[in-house]
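Enquirer: For the record, in the sequence shown the residue sitting at position 116 is 116 according to full-length UniProt numbering, with numbers rising by one throughout. Please read through the structure below; I'll follow up with questions.
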Amino acid sequence: MRCSEIQLSLEGLNLKRCIIVGAGSGVSAAVALRFGTGGYTVGLISRNAQNLEDLSKRLSDAGVTAFWETANAGDAEELDQALDSLVSRQGSCDVLVYNAAVLRPGKPLDVTTDDIAVELAVNLLGAHRAVKKLAPKMIERGAGTILFTGGGLSLEPFPEWTSLALGKSALRSLAISLYKDLAPKGVHVSVLAICGIVAPGGPFDPSKIAEEYWRVATRPVGVADREVVFQPAGTDPFYNDPEKAYSDVSVLPSHMRQASS
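Structure, rendered in structure tokens:
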């Protein structure tokens with residue numbers, strides 16, 4: 001089939017479409033499976049073709065229709081081309097999940113400004129680029145969802161993760177600004193702060209996190225869901241500082257202060 005015929009066929013089945021930028025193992029794989037088994041076709045973007053092939057096979061084995069394109073989320077031209085290709089194959093995007101990030105440690109005086117600039121291209125600018133590309137059709141339809149993977153670093157930064165904390169803080173601001181702008185137009189935007197180490201079987205099990213992405217995408221609770229802090233009761237809000245080296249100069253994030261009051 002040609003791309004146009006595939007698109008018409010998918011639209012004829014009344015399937016919705018989800019695109020995940022920064023697809024791989026862990027959270028993004030679980031989100032892809034949750035949306036795929038929930039009736040969505042899934043489009044995947046990352047730099048690693050082998051990872052995309054492996055994930056696509058896992059999804060196919062579960063009965064999920066998946067497409068993929070390679071692109072560096074920090075490269076505007078590559079990202080544009082990948083998004084255009086997925087839209088041409090799937091149809092217009094109903095749910096965008098931006099999960100791309102550069103996880104590189106470094107204290108404030110150790111990282112260079114060039115490092116920060118390169119990493120912000122992935123941690124922030126790629127998200128803005130993807131929204132600029134896909135949101136207009138959502139606005140035109142008066143429906144759609146945009147989900148950003150945030151983190152506890154946006155709520156309480158730690159020196160060892162300076163660049164990532166900058167990116168997550170800026171991403172949080174972008175998400176809330178977009179929510180205010182797009183909610184009246186029928187498009188929900190949310191940033192989901194995952195405040196712990198993702199691992200199967202624990203409180204931050206990928207499938208549990210994916211279920212929250214699904215809930216926010218399908219049953220958003222208005223302004224209350226513009227930011228979702230995923231931190232189950234009893235988990236450590238200072239997970240990035242396991243030795244408690246900065247306990248004297250850190251402050252519990254507001255959601256933890258409220259829970260303990």
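The beta-carbon is built from N, C-alpha and C at its ideal position, and this holds for glycine as well. Remember, it's a predicted structure, so these values are computed and weren't measured experimentally.
Measuring alpha carbon to alpha carbon, tell me which of G151, I139 and A143 ends up nearest R123.
Expert: The question names Arg, but residue 123 is Asn in the sequence shown. Here the closest residue by C-alpha is G151.
Enquirer: Assign V216 to buried or exposed, taking buried as 16 or more other Cβ atoms, counted over all protein chains shown, within 10 Å of its Cβ.
Expert: Looking at its Cβ environment, which holds 16 or more other Cβ atoms inside 10 Å, V216 is buried.
Enquirer: Whole angstroms are fine: how far does the CA of T113 sit from the CA of R17?
Expert: Cα to Cα, the separation comes out at about 38 Å.
Enquirer: Buried or exposed for N48, please, with buried defined as at least 16 other CB atoms from any protein chain shown within 10 angstroms of its CB.
Expert: Burial call: exposed.
Enquirer: Considering only residues of the stretch 55–118, which uninterrupted alpha helix (DSSP H) runs meet the minimum length of 4 residues and lie entirely inside it, listed in chain order?
Expert: Listed in chain order, they are 76–90.
Enquirer: When you compare only the Cα positions, how much space is there between P242 and P105?
Expert: When rounded, the distance between both Cα atoms is 15 Å.
Enquirer: For E11, which residues in the same chain have their Cβ closer than 8 Å to its Cβ, ignoring the five residues on either side in sequence?
Expert: Low confidence applies to E11: its pLDDT is 49, below 50, so where it sits in the model is not reliable enough to give any reading.
Enquirer: Closest by CA to S177, which one among F204, V131, I197 and K208?
Expert: Nearest C-alpha to S177: V131.
Enquirer: So, are the CB atoms of Y98 and V21 less than 8 Å apart?
Expert: It is a contact, given that the beta carbons lie within the stated cut-off.
Enquirer: Between L147, Q81 and G36, which has its C-alpha nearest D61's C-alpha?
Expert: Taking only the C-alpha atoms, the option nearest D61 is G36.
Enquirer: By how many angstroms is the C-alpha of V64 removed from the C-alpha of L33?
Expert: Cα to Cα, the separation comes out at about 7 Å.
Enquirer: Taking 8 Å as the CB-CB limit, is C18 close to chain B?
Expert: Structure shown: chain B not included; a single protein chain is present.
Enquirer: By the DSSP assignment, the alpha helix (DSSP H) with F35 in it spans what residues?
Expert: Note, F35: alpha helix (DSSP H), V27 to T37.
Enquirer: Check R226 in the structure and name its three-state DSSP category.
Expert: R226 falls in the coil class under three-state DSSP.
Enquirer: In the DSSP assignment, what are the bridge partners of L44?
Expert: According to DSSP, which records beta bridges pairwise, L44 is partnered with I20 and W68.
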